[in-house]
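Residue numbers (my numbering): 326 to 528. All C-beta atoms, glycine included, are put in the ideal place defined by N, C-alpha and C. Treat the numbers as computed from the prediction; the structure is a model and nothing was measured. Just below is one structure, and these are the notes that go with it.
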Amino acid sequence: MKLLHIDSSILGDNSASRQLSREVVEAWKAADPSIEVIYRDLAADAISHFSAATLVAAGTPEEMRDAAQAHEAKLSAETLEEFLAADAVVIGAPMYNFTVPTQLKAWIDRVAVAGKTFRYTEAGPEGLCGDKKVVLVSTAGGLHHGQPTGVGHEDFLKVFLGFIGITDLEIVRAHGLAYGPEHRAKAIDAAQAQIADELFTAA
């Protein structure tokens, strides 16, 4: 099985989402040592944001692309193929200013491709990635789950994943991390307990 591990936090070793996403992957590997992990750090190796250049590159025949267009096309193709090849995905998704990091949004823009991860039919859109499992590591300084302030973060990610057909979704949540050391510790402990006791019990 191929597992794609995505991190998007800009906080390096101080990141709760990086810590928890790493623990999810480690627990998954312990449950199934045969797993092949592909890691993408969207902060350290950022994907350029979706732009007119991206669209032009995609619409230009390969033999007519200049160097910049060739780079854009190659980046889009590699990102998409990496996602399509994965059987499972772990996504570290902190909240920044009521939404996901722009680095993660740039990645989403590269994998949301008509005809590849979804398609439109006479009956409406149809997701094409229903064979994948996703574990979403949702972290936030405040308490936003179930609140209007969470719509652009966790709710957005659930809508996107559902749109491309993913229904096998687990959420590891650690919110309220900025509410003081005690609250942070409790939130991290609860997330770690979920990883240890719930996610891989079947394995």
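Going by CA-CA distance only, name the one from V476, D514, L468 and L429 that's closest to S373. L429
Got a sec? Which residues, its chain only, sit under 6 Å from P419 by beta carbon, not counting five neighbours each side? S334, S342 and T464
6 Å CB neighbourhood of A437 in its chain, flanking five on each side removed: none
Confirm, please, whether the CB-CB distance from S346 to D357 is below 7 Å. no
Quick one: grab the DSSP three-state call for D434. helix
Of the choices E397, S359, E387 and H469, whose alpha-carbon is the least far from that of A371? E397
For the candidate residues G384, L453 and Q517, whose alpha-carbon lies nearest to that of T492? L453
Would you kindly check if the distance between the Cβ of R435 and the Cβ of T404 is under 7 Å? yes
Note down, in chain order, each residue of its chain lying with its Cβ closer than 6 Å to the Cβ of K354, except the 5 sequence neighbours on either side. I360
By the three-class DSSP mapping on this structure, what secondary structure does A448 have? coil
Given a cut-off of 7 Å, decide if Q519 and V497 are closer than it, judged by their beta-carbon atoms. yes
Distance between A377 and A395 (C-alpha atoms, nearest Å): 14 Å
Considering only the beta carbon of each residue, do G477 and T424 sit closer than 7 Å? yes
Only counting the same chain, and skipping five residues up and downstream in sequence, which positions put a Cβ closer than 8 Å to that of A352? I520, A521, L524 and F525
Could you give the distance in angstroms between the alpha-carbon of I489 and the alpha-carbon of E479? 16 Å
For V349 versus V414, is the C-beta spacing smaller than 7 Å? no
If I measure Cβ to Cβ from H469 and keep anything under 7 Å in the same chain, skipping five residues before and after, which residues do I get? M420, G475, H478 and H500
When burial is assigned at 16 or more other CB atoms within 10 Å of the CB, is V484 buried or exposed? exposed
L329 in three-state terms, based on DSSP: strand
Looking at V460: is its Cβ nearer than 7 Å to the Cβ of E407? no
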